[in-house]
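*Asks:*
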Amino acid sequence: MHVVVSGAGIVGASCALELVRDGHRVTILEPATPGGRQSASYGHGCWISPASVVPMSMPGLWRQVPGYLFDPQGPLVIRWGHLPRLAPWLFRFMMAGATVGRVERTAAALASILADSPGRHQALSSEVGCGELIRQDGLLYAYPDRPAFEAEALAWRLRRMTGLTWRELDRAGLEAREPGLSDVYRFGVLVEEGAHCRDPGRYVSAIVAHAVALGARLVPARATGFAFDGSRLAAVETDGGPIPCDRAVIASGIRSKALAFAAGDPVPLEAERGYHAVVEDGSAGPLHPVMPSDGRMANTPTADGLRLSGQVELASIDAPPNWKRADILIDHARKTYPGLPGGSEAVRDRWMGHRPSTPDGLPVIGPASRSSDIIHAFGHGHVGFASGPITGRIVADLVAGASPLRDVAPFAASRFVFGRA
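Be aware that the sequence shown starts at 1, since it is given in the working numbering, and climbs by one per residue.
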């Protein structure tokens with residue numbers, strides 16, 4: 001079959017590669033450079049973590065929303081001017097985490113697409129010729145003390161429930177692993193099976209290049225809609241004209257919302273705007289990925305320097321960046337690692353991008369309502385990079401009419417009908 005994949009981030013790239021492996025004729029639509037700065041895949045925190053099963057929305061979150069509106073320094077910021085438009089999404093967001101039972105179901109669904117993510121990325125990176133970019137050195141969560149860790153008991157119970165194991169470190173263990181870490185942190189949790197990527201942009205670019213080498217066609221265009229013949233897909237409409245095809249995959253990140261609507265599914269997708277900064281680390285930064293509990297940020301050694309990633313800002317896609325959000329990351333990192341170089345000359349880059357996020361924290365994967373010839377593969381929020389390869393395999397199974405490798409029922413777009421999520 002001829003399959004058109006809209007989007008060449010980690011999810012779209014993985015879908016295209018799996019489909020061309022299966023023998024389909026594949027066209028990839030991407031208006032910009034695959035792996036470029038326009039993509040959430042480029043700028044994320046670089047973590048490939050089986051521990052990322054804890055949803056953003058947790059019981060009791062509603063009590064914190066007023067604080068998010070008034071605290072410009074907090075890890076989650078809601079821009080006042082965008083609140084009326086965001087209100088329906090925020091209501092669903094809070095309801096998704098209103099009970100322990102709901103977050104347990106979310107964690108179980110996320111675990112199904114995250115549990116084997118480090119191994120899948122290691123195999124994929126080797127296949128596309130950049131195996132050195134994926135490192136499985138473990139992921140460290142650093143806390144001031146054990147009570148601070150125990151305050152997150154529900155989050156760690158969800159992780160244990162999904163089969164995650166970890167090793168606890170005292171101050172001596174932290175110093176042995178991360179000698180540059182501030183002595184403020186005296187307790188740590190090491191997820192040894194976790195991995196990270198040293199250059200996400202180059203990695204995604206290599207996946208797309210490999211798919212093209214195997215026969216896929218890369219077209220610099222943006223999907224704008226679909227043409228149908230009854231219930232059958234006839235073509236993908238693009239800003240360069242229609243492309244006739246048999247199947248289509250929507251993997252356009254935050255731009256997927258309009259395409260999903262055109263395919264019959266009004267999905268409540270919003271941008272969780274995230275920031276990163278890259279700073280010189282010399283010998284004073286972390287040797288491995290670290291997440292300090294008081295910063296809620298991923299500090300990751302990369303090929304370009306120490307990447308500091310985090311922050312959630314709810315605003316429109318077109319709102320200008322607030323670079324103070326990146327400065328917060330830099331300031332916190334210099335407290336976390338006292339030996340880091342100071343001054344603006346040590347800052348190599350600042351970036352802002354859009355996590356495509358649903359209110360319940362689960363991606364949308366599965367056939368569209370208007371036609372089963374269209375497959376959704378978007379809305380992965382904070383887990384898109386880690387779950388890209390398994391999503392690609394699931395999508396290829398669905399295109400082939402085979403039973404998918406994972407149960408896609410929790411990810412169906414129909415869950416948003418009548419406000420069910």
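Ideal Cβ placement from N, Cα and C applies to all residues, glycine included.
What you are looking at is a predicted structure, and each value in this text was computed from that prediction instead of being measured.
Given a threshold of 16 other Cβ atoms within 10 Å of its Cβ, counted over all protein chains shown, does I394 qualify as buried or as exposed?
*Replies:* Position 394 of the sequence shown holds residue 394. So I394 counts as buried.
*Asks:* Mind checking who W47 pairs with in its DSSP beta bridge?
*Replies:* Along the sequence shown, read from residue 1 onward, the residue named residue 47 stands at position 47. According to DSSP, which records beta bridges pairwise, W47 is partnered with H196.
*Asks:* Let me know if Q311 comes out buried or exposed under the rule of 16 or more other beta-carbons within 10 Å of its beta-carbon.
*Replies:* Locating residue 311 in the sequence shown gives position 311, counting from the first residue. Q311 should be labelled buried.
*Asks:* Can you grab the Cα-Cα spacing for the pair N299 / R232, in whole Å?
*Replies:* Here the question's residue 299 lines up with position 299 in the sequence shown. Here the question's residue 232 lines up with position 232 in the sequence shown. If you take the alpha carbons of N299 and R232, they lie about 47 Å apart.
*Asks:* For a minimum of 3 consecutive residues, which ranges assigned as the beta strand (DSSP E) are wholly contained in the stretch 246 to 281?
*Replies:* List check, beta strand (DSSP E) in window: 247 to 250, 270 to 279.
*Asks:* Below 8 Å, how does it come out for the stretch 29 to 47 and the stretch 197 to 211: are there three or more Cβ pairs, yes or no?
*Replies:* The stretch 29 to 47, when compared against the stretch 197 to 211, does touch it at the 8 Å Cβ threshold.
*Asks:* Just to confirm the assignment, what range does the beta strand (DSSP E) spanning P389 have?
*Replies:* The residue labelled residue 389 in the question sits at position 389 within the sequence shown. No beta strand (DSSP E) contains P389, which is instead part of the alpha helix (DSSP H) from 384 to 400.
*Asks:* Looking at the structure shown, is E313 part of a helix, part of a strand, or coil, going by DSSP?
*Replies:* Counted from its first residue, the sequence shown places residue 313 at position 313. If DSSP states are grouped into helix, strand and coil, E313 belongs with the strands.
*Asks:* With 16 other CB atoms within 10 Å as the buried threshold, where does I317 fall?
*Replies:* Locating residue 317 in the sequence shown gives position 317, where the first residue counts as 1. Flag for I317 reads exposed.
*Asks:* Chain D beta carbons: is any one of them nearer than 8 Å to that of I365?
*Replies:* Among the chains of the structure shown, chain D does not appear; only one protein chain is present.
*Asks:* Counting along the chain, where does the alpha helix (DSSP H) carrying V20 start and finish?
*Replies:* For the purposes of this step, residue 20 is taken as the residue at position 20 of the sequence shown. First-last of the alpha helix (DSSP H) with V20: 10 to 21.
*Asks:* Taking Cβ to Cβ, would you say A262 is nearer than 8 Å to F226?
*Replies:* By 1-based counting over the sequence shown, the position of residue 262 is 262. By 1-based counting over the sequence shown, the position of residue 226 is 226. Contact flag set, yes.
*Asks:* The alpha helix (DSSP H) spanning V103 covers which residue range?
*Replies:* Counting from one through the sequence shown, the residue named residue 103 turns up at place 103. Note, V103: alpha helix (DSSP H), 100 to 114.
*Asks:* Would you call K324 buried or exposed, if buried means 16 or more other Cβ atoms sit within 10 Å of its Cβ?
*Replies:* As a working note, residue 324 is residue 324 in the sequence shown. By the 10 Å Cβ count, K324 comes out exposed.
*Asks:* Which same chain residues, not among the five before or five after L110, have their C-beta less than 6 Å away from its C-beta?
*Replies:* To locate residue 110, count along the sequence shown from 1; it is residue 110. Within the same chain, L110 has close Cβ partners V53.
*Asks:* Mapping the DSSP letters down to three states, classify P66 as helix, strand or coil.
*Replies:* Taking the first residue of the sequence shown as 1, we reach residue 66 at position 66. Of the three classes helix, strand and coil, the one that applies to P66 here is helix, per DSSP.
*Asks:* Please work out which residues of its chain come closer than 8 Å, Cβ to Cβ, to G419, disregarding the five sequence neighbours upstream and downstream, and give them in chain order.
*Replies:* Here residue 419 is taken as the residue at index 419 of the sequence shown, counted from 1. Interpretation of G419 is limited by its pLDDT of 48, a score under 50 that renders its predicted location unreliable; the figure taken from the coordinates is listed afterwards. So the qualifying residues of the chain are R92.
*Asks:* Excluding the 5 residues preceding and the 5 following S14 in the sequence, name in chain order all residues of the same chain whose CB lies nearer than 7 Å to its CB.
*Replies:* Locating residue 14 in the sequence shown gives position 14, counting from the first residue. If we look at S14 and ignore the five residues flanking it on each side, its Cβ neighbours are I207, G388, P389, T391, G392.
*Asks:* On the three-state DSSP scale, how would you describe S6?
*Replies:* What you label residue 6 is simply residue 6 of the sequence shown in a count that begins at 1. Strand, per DSSP.
*Asks:* For D239, count neighbouring Cβ atoms within 10 angstroms of its own Cβ and tell me buried if that reaches 16, exposed if not.
*Replies:* Residue mapping note: residue 239 aligns to position 239 of the sequence shown, counting from 1. Per the 10 Å Cβ criterion, exposed.
*Asks:* Have a look at R85 and P268 and give me their C-alpha separation to the nearest angstrom.
*Replies:* Here residue 85 refers to the residue found at position 85 when the sequence shown is read from its first residue. Here residue 268 refers to the residue found at position 268 when the sequence shown is read from its first residue. The alpha-carbon atoms of R85 and P268 are separated by roughly 11 Å.
*Asks:* Check whether the stretch 239 to 257 and the stretch 366 to 384 are in contact - that is, three or more C-beta pairs closer than 8 Å.
*Replies:* Yes, they touch.
*Asks:* Roughly how many whole angstroms lie between the Cα atoms of S357 and P404?
*Replies:* One-based indexing of the sequence shown puts residue 357 at position 357. One-based indexing of the sequence shown puts residue 404 at position 404. Going from the Cα of S357 to the Cα of P404 covers about 23 Å.
*Asks:* Going residue by residue through the stretch 111 to 180, where are the continuous alpha helix (DSSP H) segments of at least 4 residues, counting only ones entirely within it?
*Replies:* With a minimum length of 4 residues, the continuous alpha helix (DSSP H) runs that stay inside the stretch 111 to 180 are 117 to 127, 146 to 150, 153 to 161, 171 to 177.
*Asks:* From the DSSP output, in three-state form, read off D318 for me.
*Replies:* Locating residue 318 in the sequence shown gives position 318, where the first residue counts as 1. DSSP places D318 in coil when its eight states are reduced to three.
*Asks:* I need the straight-line Cα distance from I254 to W166, nearest angstrom please.
*Replies:* For the purposes of this step, residue 254 is taken as residue 254 along the sequence shown, with counting starting at 1. For the purposes of this step, residue 166 is taken as residue 166 along the sequence shown, with counting starting at 1. The straight-line gap from Cα to Cα measures roughly 33 Å.
*Asks:* Could you tell me the distance, in whole angstroms, from the CA atom of G173 to the CA atom of G12?
*Replies:* As a working mapping, residue 173 is identified with position 173 in the sequence shown. As a working mapping, residue 12 is identified with position 12 in the sequence shown. So the alpha carbons of these two residues sit roughly 40 Å apart.
*Asks:* Between the Cα of I369 and the Cα atoms of P179, E152, A98, F416, which residue gives the shortest distance?
*Replies:* As a position in the sequence shown, residue 369 is number 369, starting the count at 1. Note on identity: in this sequence residue 369 is Ser, with Ile being the wrong assignment. Closest option to S369, Cα to Cα, is F416.
*Asks:* Looking only at its chain, what residues have a beta carbon closer than 6 Å to the beta carbon of Q122, apart from the 5 residues adjacent to it on each side?
*Replies:* In the sequence shown, counting from the first residue as 1, residue 122 sits at position 122. Hits under 6 Å: I134.
*Asks:* Within 10 Å of its beta-carbon, does M56 have 16 or more other beta-carbons around it, so buried, or fewer, so exposed?
*Replies:* Stepping through the sequence shown from its first residue, residue 56 is reached at position 56. The residue is buried, with at least 16 neighbouring Cβ atoms inside 10 Å.
*Asks:* Who pairs with E237 in a beta bridge, going by DSSP?
*Replies:* Here residue 237 refers to the residue found at position 237 of the sequence shown. E237 is bridged to G225.
*Asks:* Among the candidates H276, A234, L306, E272, whose CA atom is the shortest distance from the CA of L287?
*Replies:* The residue labelled residue 287 in the question sits at position 287 within the sequence shown. It is L306 whose Cα lies nearest to the Cα of L287.
*Asks:* Out of L29, V219, E193, D145, which one is the CA nearest neighbour of A386?
*Replies:* Start at 1 with the first residue of the sequence shown, and residue 386 comes out as number 386. Nearest C-alpha to A386: E193.
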